[in-house]
Amino acid sequence: MNASNVYVQKDLDCDTFQNQVDEALIRHKSVLDIMTKLDEYNSRINRAVAKSVTSCGCIKINATKQDFNKDSLEEIRNNMKDHIEGELCAVCEEILQEEMGAYLFYLAALCNALDISLSEAVIREYSNIKALGVFSLK
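Printed below as a string of structure tokens:
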């Protein structure tokens, strides 16, 4: 990050982000535009992961069948694999952060269009996974 960039606190809250998106969004204000932008950036994230494998090679995907044949949910959780070998290089990580950031921008824009609080959605999901733990089965 160079000196001309705006300093952003690491603990930026969802409400502040959502309000900034509301102020910044001009061109794609229609809910239809927002929905297609979310889809576009989802595809761009997937493409960036694929390019990290096929073009850069900093990560490798070694997918095999997951073993659900365990006695407890804890054993299943501990034996599940993400199938990623290696680590993202700085370039691929930066690209993915940019694409994920744009996705979050349009997610906040959709929340604004539908008058939904992104913070409340995050808190609700956090509460569910906190209460249910491994029983949320996500």
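Residue numbers for the sequence shown follow our numbering, beginning at 17 and rising by one.
We treat Cβ as the ideally placed atom computed from N, Cα and C, and that holds for glycine.
Check, Outcome
"Where the alpha helix (DSSP H) through Lys146 begins and ends", "134-148"
"Beta-carbon gap between Ile75 and Cys108 smaller than 9 Å", "yes"
"Span of the beta strand (DSSP E), counted from its first residue to its last, around Gly102", "100-102"
"Residue(s) in a DSSP beta bridge with Lys76", "Glu101"
"Met51 beta carbon less than 9 Å from that of Leu104", "no"
"Cβ pair Asn78, His99 closer than 9 Å", "yes"
"Simplified DSSP state of Met51, which is helix, strand or coil", "helix"
"Unbroken alpha helix (DSSP H) run spanning Asp31, endpoints", "30-40"
"DSSP state of Met116 mapped onto helix, strand, coil", "helix"
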